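Numbering follows full-length UniProt numbering, in which position 524 of the sequence shown is assigned residue number 524; successive positions increment by one, without gaps.
The C-beta atom is built at its ideal place from N, Cα and C for all residues, glycine as well.
It should be emphasised that the depicted structure is a prediction, and the values quoted were computed from it without experimental measurement.
Following: one structure in structure tokens, then a few remarks.
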Amino acid sequence: MANTRKRSLWDTKIVGRALHDAFVKLNPRTMMKNPVMFVVEIGSVITTIYTVRDLIQAHHALRFDLQITLWLWFTVLFANFAEAMAEGRGKAQADALRKAKSDTIAIRLRADGTTEEVPSLNLRSGDVCLIAAGSMIPGDGEIIEGVASVDESAITGESAPVIREAGGDRSAVTGGTRVLSDEIKVRITSNPGETFLDRMIALVEGAERQKTPNEIALNILLAGLTIIFLLAVVTLQPIAIYSTAPQSVFVLISLLICLIPTTIGGLLSAIGIAGMDRLVQYNVLAMSGRAVEAAGDVNTLLLDKTGTITLGNRQAAAFIPAPGVSKDQLADAAQFSSLPDETPEGRSIVVLAKELYGLRGRELHDLQAEFVPFSATTRMSGVNMEGRIIRKGSTDAIARFLQERGGSLPDQVRIDVETVARSGGTPLVVAENRQALGVIHLKDIVKGGMKERFAQLRAMGIKTIMITGDNPLTAAAIAREAGVDDFLAEAKPKDKMDLIKREQAEGKLVAMTGDGTNDAPALAQADVGVAMNTGTQAAKEAGNMVDLDSNPTKLIEIVEIGKQLLMTRGALTTFSIANDVAKYFAIIPAMFAATFPVLGALNIMHLKTPQSAILSAVIFNALIIVGLIPLALRGVSYKAMSAEALLRRNLLIYGVGGLIAPFLGIKIIDLIITAIHLA
Numbered sequence: 001m002a003n004t005r006k007r008s009l010w011d012t013k014i015v016g017r018a019l020h021d022a023f024v025k026l027n028p029r030t031m032m033k034n035p036v037m038f039v040v041e042i043g044s045v046i047t048t049i050y051t052v053r054d055l056i057q058a059h060h061a062l063r064f065d066l067q068i069t070l071w072l073w074f075t076v077l078f079a080n081f082a083e084a085m086a087e088g089r090g091k092a093q094a095d096a097l098r099k100a101k102s103d104t105i106a107i108r109l110r111a112d113g114t115t116e117e118v119p120s121l122n123l124r125s126g127d128v129c130l131i132a133a134g135s136m137i138p139g140d141g142e143i144i145e146g147v148a149s150v151d152e153s154a155i156t157g158e159s160a161p162v163i164r165e166a167g168g169d170r171s172a173v174t175g176g177t178r179v180l181s182d183e184i185k186v187r188i189t190s191n192p193g194e195t196f197l198d199r200m201i202a203l204v205e206g207a208e209r210q211k212t213p214n215e216i217a218l219n220i221l222l223a224g225l226t227i228i229f230l231l232a233v234v235t236l237q238p239i240a241i242y243s244t245a246p247q248s249v250f251v252l253i254s255l256l257i258c259l260i261p262t263t264i265g266g267l268l269s270a271i272g273i274a275g276m277d278r279l280v281q282y283n284v285l286a287m288s289g290r291a292v293e294a295a296g297d298v299n300t301l302l303l304d305k306t307g308t309i310t311l312g313n314r315q316a317a318a319f320i321p322a323p324g325v326s327k328d329q330l331a332d333a334a335q336f337s338s339l340p341d342e343t344p345e346g347r348s349i350v351v352l353a354k355e356l357y358g359l360r361g362r363e364l365h366d367l368q369a370e371f372v373p374f375s376a377t378t379r380m381s382g383v384n385m386e387g388r389i390i391r392k393g394s395t396d397a398i399a400r401f402l403q404e405r406g407g408s409l410p411d412q413v414r415i416d417v418e419t420v421a422r423s424g425g426t427p428l429v430v431a432e433n434r435q436a437l438g439v440i441h442l443k444d445i446v447k448g449g450m451k452e453r454f455a456q457l458r459a460m461g462i463k464t465i466m467i468t469g470d471n472p473l474t475a476a477a478i479a480r481e482a483g484v485d486d487f488l489a490e491a492k493p494k495d496k497m498d499l500i501k502r503e504q505a506e507g508k509l510v511a512m513t514g515d516g517t518n519d520a521p522a523l524a525q526a527d528v529g530v531a532m533n534t535g536t537q538a539a540k541e542a543g544n545m546v547d548l549d550s551n552p553t554k555l556i557e558i559v560e561i562g563k564q565l566l567m568t569r570g571a572l573t574t575f576s577i578a579n580d581v582a583k584y585f586a587i588i589p590a591m592f593a594a595t596f597p598v599l600g601a602l603n604i605m606h607l608k609t610p611q612s613a614i615l616s617a618v619i620f621n622a623l624i625i626v627g628l629i630p631l632a633l634r635g636v637s638y639k640a641m642s643a644e645a646l647l648r649r650n651l652l653i654y655g656v657g658g659l660i661a662p663f664l665g666i667k668i669i670d671l672i673i674t675a676i677h678l679a
């Protein structure tokens with residue numbers, strides 16, 4: 001999947017399939033979904049009928065009529081080709097995914113404990129399967145027993161294996177991935193047609209892409225403009241007859257096709273499909289186009305601190321002893337309490353004590369020590385040995401621990417805790433028996449470049465809020481260093497949900513990431529909920545996007561891709577409408593110049609003949625769609641800017657450009673076709 005990013009825009013296989021699909025899409029039932037291009041197809045059919053009549057009657061204008069007919073069909077085909085190109089970029093991947101799915105055989109557990117081999121397509125939600133090393137995981141599910149190394153490159157494109165295990169937030173597995181080591185027991189959580197792989201295939205094929213609200217609204221606008229121009233052209237013929245200058249069907253249809261917004265009409269579907277495809281290139285699966293659009297309109301971005309804004313692995317930076325306690329004594333107790341602690345924080349405490357004070361790790365088994373694991377209830381951990389009761393944990397937890405034993409937390413320790421918190425660190429207090437020994441300073445490192453990225457989001461009018469379980473002092477320090485606009489400290493699942501609801505109540509669109517079951521309610525409430533692929537099934541079902549790489553910072557890229565989609569659609573709509581104005585100046589003077597010579601003043605391009613003017617406009621109308629296909633597929637280059645600046649940019653580049661390009665293009669085509677005597 002990661003290789004999708006490197007795939008050439010004009011890959012020969014994609015182009016070949018798109019050329020075929022462009023003709024398949026001529027089916028009227030398919031064309032009716034695009035009102036503008038459906039009108040062009042009807043016009044092409046009518047001119048084809050009249051061309052056949054002219055051929056039979058050997059009409060003198062046969063060559064002109066035939067050229068108009070061919071270029072109208074080319075217009076339809078080019079629009080279909082643009083949509084097929086956007087869809088085709090994912091079909092090769094879909095074929096590979098479908099083959100992997102259909103070829104997988106599952107070992108299903110029967111109720112009596114025996115096993116049976118069944119095709120993965122026969123699995124149902126609730127079935128339990130055994131997957132050994134080297135076997136493909138047959139469907140989406142949750143590991144209920146065992147731990148294994150899993151190769152997810154078929155889904156994420158990343159070659160590095162990941163660990164999946166029963167319980168916790170890393171128990172979800174995806175069909176189509178492969179177990180590399182050990183054996184796991186998986187409970188299937190989806191039925192055929194509902195799996196993650198099925199949704200991914202549908203997405204990359206574009207087969208089930210629903211039009212988004214903005215896209216539907218734009219389609220209605222384009223259909224309205226088409227009806228208005230249709231009425232205008234129909235009523236033009238009586239005026240022409242009255243003026244003794246009746247126009248042929250070919251001229252009237254050419255005028256209609258050139259005036260209606262065919263450029264954006266032909267590229268609209270391609271823009272939407274390409275926007276979702278760009279997410280796929282970044283290994284993000286969007287469940288709907290609505291989610292991509294919502295990402296472009298996001299006002300508030302919620303980001304977890306750990307692993308998103310910071311590196312995630314807090315490291316011990318210093319030991320701050322309490323009054324009357326030596327640094328060696330504090331370091332010794334801190335190391336003892338951390339010896340069985342396999343977390344990055346615990347390992348860093350052991351290493352720091354060794355580096356600063358030469359304290360080597362000791363075997364707890366030899367000391368007959370009893371390890372007390374961390375508990376969310378007590379919010380501390382420690383060790384009991386040889387009459388020593390050592391604990392390390394939060395300030396409040398250690399204060400309660402000392403109080404229960406008749407001791408107390410010195411004021412200086414509280415001051416040290418506050419100093420560490422204000423600096424952005426996390427304080428852990430260490431105590432032994434009834435005495436507070438001091439504070440361990442854990443430092444959380446903000447990722448490089450985050451401040452600049454948040455500044456870009458701020459320039460777009462997006463508010464960033466950091467969510468953390470840290471105390472308010474630590475949260476405030478990290479928020480200042482990272483450059484976020486606000487923070488939510490000591491956050492619980494309900495706090496996240498309430499924050500999202502408050503923002504939405506003010507009319508804002510909210511995006512957030514999450515990976516745990518406790519994040520599911522907030523992911524479902526958010527307008528853009530990005531679940532991590534390594535997270536639980538509940539999280540993935542609650543969100544409307546899944547990040548296959550499980551990189552929380554990718555939410556920023558998702559917002560940028562959504563904005564790029566909206567910018568591309570707006571830019572090409574502006575270009576298309578401006579484009580039509582120039583074509584008006586090409587055809588109208590040509591239609592009536594003979595009857596009303598004064599209209600010659602409108603022939604500002606000095607086109608040679610009425611026939612060459614009309615034919616040039618029709619040819620340009622078709623070719624401009626081809627010329628804009630790369631822009632529709634790649635998207636307008638993204639730059640962080642305000643809505644006002646974006647509007648000015650669109651009007652200047654695509655509005656003025658849309659006016660100038662047709663004048664130049666039609667004039668050049670007119671010179672060519674008159675030089676080779678096509679008109």
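Nearest-angstrom beta carbon gap, residue j and residue i [assumed within contact, 8 Å]
i	j	result
L566	G296	4 Å
G635	A274	7 Å
V39	T226	6 Å
L285	V546	5 Å
I467	L303	7 Å
Straight-line gap, residue i to residue j (C-alpha atoms, nearest Å)
i	j	result
L19	I241	42 Å
L602	L633	36 Å
A207	R480	Reliability of the predicted coordinates at A207 is poor, the pLDDT of 45 falling under 50, and the value obtained from them is presented with this limitation in mind. In a straight line, the C-alpha of A207 is about 46 Å away from that of R480.
I668	R649	27 Å
N27	E87	17 Å
P521	K496	9 Å
Q281	A459	26 Å
P138	S171	15 Å
I105	C129	11 Å
I619	P238	27 Å
R434	T308	38 Å
R17	G175	28 Å
V24	A622	19 Å
A306	I558	In the sequence as displayed, the identity of residue 306 is Thr instead of Ala. For T306 and I558, the distance between alpha carbons rounds to 19 Å.
A489	A476	8 Å
T568	L631	8 Å
P213	E293	9 Å
D198	L121	11 Å
L678	C258	20 Å
P427	S550	29 Å
T536	N579	50 Å
Q368	S338	15 Å
I577	A571	10 Å
G448	A511	22 Å
L75	F81	The sequence shown places Thr at residue 75, rather than the Leu named in the question. Each residue's Cα considered, the two are about 10 Å apart.
L509	A270	25 Å
R110	V186	13 Å
Reference residue i; option with closest CA among the options
i	options	result
I625	G265, G387, D328, T517	G265
G658	V39, D304, S326, L628	L628
N34	F585, A61, T235, A79	A79
Q525	K501, D515, G516, N518	K501
G514	A538, K508, E503	A538
I390	T553, D332, V350	D332
F585	T114, K185, L255, K392	L255
T189	G141, V162, D498, I228	G141
G562	T573, M385, D277	D277
I587	K608, L437, T573	K608
Is the segment 313 to 331 in contact with the segment 410 to 427, if contact means three or more CB pairs nearer than 8 Å?
-> Output reads yes: the segment 410 to 427 touches the segment 313 to 331.
Three or more C-beta pairs below 8 Å linking the segment 396 to 407 and the segment 445 to 454 = As far as the Cβ criterion goes, the segment 396 to 407 does not touch the segment 445 to 454, which means the pair count is below three.
Between the segment 375 to 382 and the segment 416 to 424, do at least 3 Cβ pairs fall closer than 8 Å?
-> With a cut-off of 8 Å, the segment 416 to 424 and the segment 375 to 382 do not count as touching, because too few Cβ pairs lie within range.
So does the segment 139 to 150 actually touch the segment 172 to 182, counting three or more Cβ pairs closer than 8 Å?
-> With a cut-off of 8 Å, the segment 172 to 182 and the segment 139 to 150 count as touching, because enough Cβ pairs lie within range.
For the segment 373 to 412, list the beta strand (DSSP E) runs that are entirely contained and at least 3 residues long, ordered along the chain.
-> If only uninterrupted beta strand (DSSP E) runs of at least 3 residues are considered, those enclosed by the segment 373 to 412 are 380 to 385, 388 to 393.
Secondary structure, alpha helix (DSSP H): runs of 4+ residues fully inside the UniProt domain "P-type ATPase A" (108 to 205) = If one requires a minimum length of 4 residues, the alpha helix (DSSP H) runs lying completely within the UniProt domain "P-type ATPase A" (108 to 205) are 153 to 156, 196 to 205, in chain order.
The segment 604 to 616 contacting the segment 663 to 678, beta-carbon criterion three pairs below 8 Å | Touching, per the Cβ criterion.
Which runs of the alpha helix (DSSP H), 4 residues or longer, sit entirely within the segment 411 to 491?
-> With a minimum length of 4 residues, the continuous alpha helix (DSSP H) runs that stay inside the segment 411 to 491 are 411 to 422, 450 to 459, 472 to 482.
Whole beta strand (DSSP E) runs in the segment 232 to 300 with 3 or more residues, listed along the chain?
-> Within the segment 232 to 300, the runs of beta strand (DSSP E) that reach at least 3 residues and sit entirely inside it are, in chain order, 284 to 286.
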